Amino acid sequence: MAVEQMIVTVMEAVANNSLVWTDLDIELKAYAKEHHVPIIVDEGLALLEQIIRISKPKHILEIGTAIGYSAIRMARVCGSQITTIERNHEMVEIAKNTIQRSGYEKQIRLIECDALEAFDFVKDTSFDLIFIDAAKAQYQKFFELYTPLLSTHGIVVSDNMSFHGLVNTQDYEAQSRSVRGLIRKLAGYQEYLLKNLNYDTTIFELGDGVAISVKKD
Ligand SMILES: C[S@@+](CC[C@H](N)C(=O)[O-])C[C@H]1O[C@@H](n2cnc3c(N)ncnc32)[C@H](O)[C@@H]1O
């Protein structure tokens, strides 16, 4: 499918909000809300799932598991194998349990490690899609570390590019020093993606801002 057609199809899916919820999804969303665990928002998820439906990745790498919500959702779309990396032990314990309960435990490999130190665990695998959803200040490092494992025409999906609407905002000066640092990092990452000649990148202003980068030949 041509990239332009893919974008139209993807946008239609997001506009129609094609999401279907299981009881476990609803429970995980409620848990995330109650315990302030950041998980992908519905619009971003609709976009991610439609990209998976179109591109049918055999193997997906996720950086940032949290409670396993997006890993389970991605596993359900079309049978992809998921490798997901999480550094927070408490999150890992919760994710183990939810993945077990989801019935997708054979499809999802959960690695407890800082993603910047986990390369050796995954280096023998070729990934068709990489979903980056972890520490915002490290996005470029994740991209540089893991894209050598991306297959031809592979896709990188980076979430939170708008960071609650704060990236490229007029309100920059009003933010705390640490938030300004994150905003600068994310803005720098956006520029890095858009200037990267090896990838075609589109940044969607939906959900929390999602960048889709498609590897060129
Ligand atoms: C936004 S949450 C992930 C949400 C999940 N993808 C979802 O939508 O259901 C980010 C997670 O990344 C983890 N994380 C942050 N930096 C990391 C790193 N360097 N390595 C591994 N995990 C990291 C955090 O502990 C947190 O649980």
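Numbering (the numbering used here), first residue to last: 3 to 219.
Positions of the beta carbon are idealized from the N, C-alpha and C atoms, including for glycine.
None of these values were measured; they are calculated from a predicted model.
Problem set entry | CA-to-CA distance, P150 to K58, given in whole angstroms | Within the sequence shown, residue 58 is the residue found at index 56, counting from 1. Within the sequence shown, residue 150 is the residue found at index 148, counting from 1. So the alpha carbons of these two residues sit roughly 20 Å apart.
For this session: Measure from the alpha carbon of S72 to the alpha carbon of each residue in H61, G46, H91 and I56, then state which is nearest.
Result: Within the sequence shown, residue 72 is the residue found at index 70, counting from 1. Here the closest residue by C-alpha is G46.
For this session: Spell out a yes or no on whether the region 61-77 and the region 89-106 are touching, meaning 3 or more CB-CB pairs, one atom from each, closer than 8 Å.
Result: yes
For this session: Report yes if the C-beta distance between I132 and L63 is below 8 Å; otherwise report no.
Result: Translated into the one-based positions of the sequence shown, residue 132 becomes position 130. Translated into the one-based positions of the sequence shown, residue 63 becomes position 61. Yes; because the gap between Cβ atoms is below 8 Å, this pair is in contact.
For this session: Return yes when the C-beta of G66 is under 7 Å from any heavy atom of ligand 1, and no when it is not.
Result: Taking the first residue of the sequence shown as 1, we reach residue 66 at position 64. Under cutoff, so the answer is yes.
Problem set entry | K217 - DSSP class collapsed to helix/strand/coil | The residue you call residue 217 lines up with position 215 of the sequence shown. Three-state DSSP puts K217 in a strand.
Problem set entry | Residue range of the unbroken alpha helix (DSSP H) whose run includes Q102 | As a position in the sequence shown, residue 102 is number 100, starting the count at 1. Judged by DSSP secondary structure, Q102 falls within the alpha helix (DSSP H) whose first and last residues are H91 to S104.
Exercise. S72: beta carbon under 7 Å from a heavy atom of ligand 1?
Worked result: The residue you call residue 72 lines up with position 70 of the sequence shown. Yes, the beta carbon of S72 sits closer than 7 Å to at least one heavy atom of ligand 1.
Problem set entry | Which listed residue (D25, E14, L30 and N200) has its alpha carbon closest to that of E146 | Translated into positions along the sequence shown, residue 146 becomes position 144. The option with the nearest alpha carbon to E146 is N200.
For this session: With DSSP as the reference, label V43 as helix, strand or coil.
Result: Position 41 of the sequence shown, counted from the start, is the residue given in the question as residue 43. Correct three-state label for V43: coil.
Problem set entry | Residue interval of the beta strand (DSSP E) (run including H155) | In the sequence shown, the residue the question calls residue 155 occupies position 153. Here the beta strand (DSSP E) through H155 covers L152 to S160.
Problem set entry | Close-in-space but distant-in-sequence residues of the same chain around K125 (CB under 8 Å, 5 per side omitted) | Taking the sequence shown and counting its residues from 1, one reaches residue 125 at position 123. The answer, listed in chain order, is L151.
Exercise. In or out: Q102 buried (at least 16 other Cβ within 10 Å) or exposed?
Worked result: Counting from one through the sequence shown, the residue named residue 102 turns up at place 100. So Q102 counts as exposed.
For this session: Quick one: residues in its chain with C-beta nearer than 8 Å to the C-beta of V169, no 5 flanking neighbours on either side, listed in chain order?
Result: Position 167 of the sequence shown, counted from the start, is the residue given in the question as residue 169. These residues qualify, in order along the chain: M163, I185, L188, A189, Q192 and G211.
Problem set entry | Sequence ranges, beta strand (DSSP E) only - wholly within the region 178-214, length at least 3 | 201-206
Exercise. Helix, strand or coil for R127 per DSSP?
Worked result: Start at 1 with the first residue of the sequence shown, and residue 127 comes out as number 125. Correcting the residue type first, residue 127 is Thr in the shown sequence and not Arg. Coil.
Problem set entry | C-beta contact flag for R111 and V79 at 8 Å | Stepping through the sequence shown from its first residue, residue 111 is reached at position 109. Stepping through the sequence shown from its first residue, residue 79 is reached at position 77. Taking a C-beta distance under 8 Å as the contact criterion, R111 and V79 do not qualify as a contact pair.
Exercise. Which of the three DSSP states, helix, strand or coil, is assigned to I69?
Worked result: Working through the sequence shown from its first residue, we reach residue 69 at position 67. Looking at I69 - three-state DSSP - the assignment turns out to be coil, as it is neither helix nor strand.
Exercise. From this set, I53, K197 and E175, which residue's C-alpha is nearest V16's C-alpha?
Worked result: As a working note, residue 16 is residue 14 in the sequence shown. If we check each option's Cα against that of V16, I53 comes out closest.
For this session: Could you pull the start and end residues of the alpha helix (DSSP H) that Q142 belongs to?
Result: Taking the sequence shown and counting its residues from 1, the one referred to as residue 142 is at position 140. Y141 to Y148 is the span of the alpha helix (DSSP H), which, as asked, contains Q142.
Exercise. So is R179 buried or exposed if we call it buried at 16+ other beta carbons inside 10 Å?
Worked result: Position 177 of the sequence shown, counting from 1, holds the residue named residue 179. That one is exposed.
For this session: Could you tell me how far apart the beta carbons of G156 and F129 are, in whole angstroms, since I believe they sit closer than 8 Å?
Result: For the purposes of this step, residue 156 is taken as the residue at position 154 of the sequence shown. For the purposes of this step, residue 129 is taken as the residue at position 127 of the sequence shown. Yes, G156 and F129 are in contact; Cβ-Cβ is about 6 Å, under 8 Å.
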